[in-house]
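J.: Input: one structure, supplied below.
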Ligand code: MAN
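In our numbering, the protein residues as written are 503 to 851.
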């Protein structure tokens with residue numbers, strides 16, 4: 503059952519609300535923001551996806567070349583070597599490319615509805631070959647020693663997870679790839695358990711296994727081990743094809759509460775929840791049988807890639823209320839609230 507209370511101003515941000523950052527490009531999609539609080543404001547670290555204005559009969563998109571400069575690749579839509587059946591990724595002569603280039607762009611708000619840019623806090627672009635197809639879907643963990651950003655790094659050789667550390671978003675430290683390919687949907691816990699850091703991540707094991715949620719521990723947030731699979735896809739259900747963690751889990755009296763996404767074979771993305779043992783998050787206490795949120799609003803059903811609700815950013819408004827920000831149809835940004843009590847009551851132990 504859908505128990506999300508959608509904001510009446512949804513969508514709160516659309517591609518036309520911002521100007522492209524990359525010269526000559528337009529913004530195609532705003533997606534899946536990380537969320538944090540700074541200087542009394544709510545900040546979204548948007549995934550902004552850009553590409554050139556499309557010409558009739560062609561498909562063109564930007565990549566970073568070997569010199570780190572933007573280069574536009576153009577293919578003929580009729581070219582028999584081209585498979586462009588997915589709006590997000592194309593295949594040309596066996597090589598995959600993304601149809602847009604994503605980077606992370608901060609916007610802030612005093613009311614969580616009207617968002618604007620602050621010239622002091624700059625966008626974060628991919629850097630180096632392993633981010634040459636862009637960076638995506640950033641989780642921001644707010645911890646006692648600063649902000650830790652985990653995001654997808656995309657390149658011709660891999661999809662992996664990168665880590666950036668910052669205290670103020672003015673200077674950032676790039677720590678490189680912390681989970682090797684194929685991996686994404688990494689969310690760090692915001693506090694230690696015992697003397698270890700914890701993270702969710704989503705490796706893909708196509709031959710045996712699948713796209714499942716794992717938990718891992720680390721002494722320093724850079725080196726990860728003791729990997730345990732905590733949630734698989736479930737045949738015949740709404741999350742039968744892939745699952746992945748959302749933002750950092752919320753600590754409740756009953757356990758760590760994690761909102762995750764699940765997709766079916768038709769790429770319909772819904773949200774569900776997991777409840778994990780407070781002392782050992784590799785122990786699953788309960789899980790959603792049915793989604794807690796489904797793409798049902800118009801802006802969630804149609805867009806760049808329709809039938810998608812996807813979240814990787816949230817904060818606690820009060821003891822019982824989680825406010826999530828989410829990408830709808832891979833195109834616009836929305837917000838919604840959940841009652842923690844209602845989520846917990848909906849889970850199957
Ligand atoms: C999938 C989708 C895309 C994304 C790529 C690379 O195809 O999630 O939106 O760009 O993976 O991460």
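Backbone N, C-alpha and C define an ideal beta-carbon position, used for all residues, glycine too.
Leaving out five residues on either side along the sequence, give the residues of the same chain with a beta carbon under 6 Å from the beta carbon of residue 780.
T.: For the purposes of this step, residue 780 is identified with residue 278 of the chain shown, where counting begins at 1. Correct list, in chain order: 757.
J.: Going by C-alpha to C-alpha distance, which of 610, 583, 797 and 775 sits closest to residue 787?
T.: As a working note, residue 787 is residue 285 in the chain shown. Ranking the options by Cα distance to residue 787, first place goes to 775.
J.: How is the alpha helix (DSSP H) around residue 800 delimited, first residue to last?
T.: Along the chain shown, read from residue 1 onward, the residue named residue 800 stands at position 298. Here the alpha helix (DSSP H) through residue 800 covers 800-803.
J.: Whose C-alpha, out of 556, 731, 769 and 720, is nearest the C-alpha of residue 744?
T.: As a first step, residue 744 must be located in the chain shown, where it is residue number 242. Taking only the C-alpha atoms, the option nearest residue 744 is 769.
J.: Within 10 angstroms of its Cβ, does residue 628 collect 16 or more other Cβ (buried), or is it exposed?
T.: Here residue 628 corresponds to residue number 126 of the chain shown, with the count starting at 1. So residue 628 counts as buried.
J.: In chain order, which continuous runs of the beta strand (DSSP E) of length 3 or greater are located wholly inside the stretch 619-675?
T.: Runs found: 636-645, 648-657 and 660-668.
J.: Quick one: complete beta strand (DSSP E) runs, 3+ long, within the stretch 731-814?
T.: Taking only runs of at least 3 residues, the beta strand (DSSP E) segments lying wholly in the stretch 731-814 are 744-747, 752-754, 757-765, 771-778 and 786-789.
J.: Count the other C-beta atoms from every protein chain shown that fall within 10 angstroms of the C-beta of residue 530, then say buried if there are 16 or more, exposed otherwise.
T.: Mapped onto the chain shown, residue 530 falls at position 28. The residue in question, residue 530, is buried, as its Cβ has 16 or more Cβ neighbours within 10 Å.
J.: With distance defined between alpha-carbon atoms, name the residue in 644, 654, 579 and 679 nearest to residue 604.
T.: Taking the chain shown and counting its residues from 1, the one referred to as residue 604 is at position 102. That would be 654, whose Cα lies nearest to the Cα of residue 604.
J.: Cβ-heavy atom distance between residue 857 and the ligand MAN below 7 Å?
T.: Beyond the ends of the chain as shown, which are 503 and 851, falls residue 857; an answer cannot be given.
J.: Using beta-carbon positions only, say whether residue 656 and residue 667 come within less than 8 Å of one another.
T.: Translated into positions along the chain shown, residue 656 becomes position 154. Translated into positions along the chain shown, residue 667 becomes position 165. For residue 656 and residue 667, no; Cβs fall outside 8 Å.
J.: In the DSSP assignment, what residue or residues form a beta bridge with residue 563?
T.: Indexing the chain shown from 1 puts residue 563 at position 61. Residue 563 is bridged to 575.
J.: Give the DSSP-derived three-state secondary structure of residue 847 in the structure shown.
T.: Position 345 of the chain shown, counted from the start, is the residue given in the question as residue 847. Here residue 847 sits in helix by DSSP.
J.: Just to confirm the assignment, what range does the beta strand (DSSP E) spanning residue 523 have?
T.: The sequence position of residue 523 within the chain shown is 21, counting from 1. Where residue 523 is concerned, there is no enclosing beta strand (DSSP E), given that its DSSP letter is neither H nor E.
J.: Under DSSP, the beta strand (DSSP E) around residue 835 begins and ends at which residues?
T.: Counting from 1 along the chain shown, the entry for residue 835 is found at position 333. Segment 834-841, the beta strand (DSSP E) holding residue 835.
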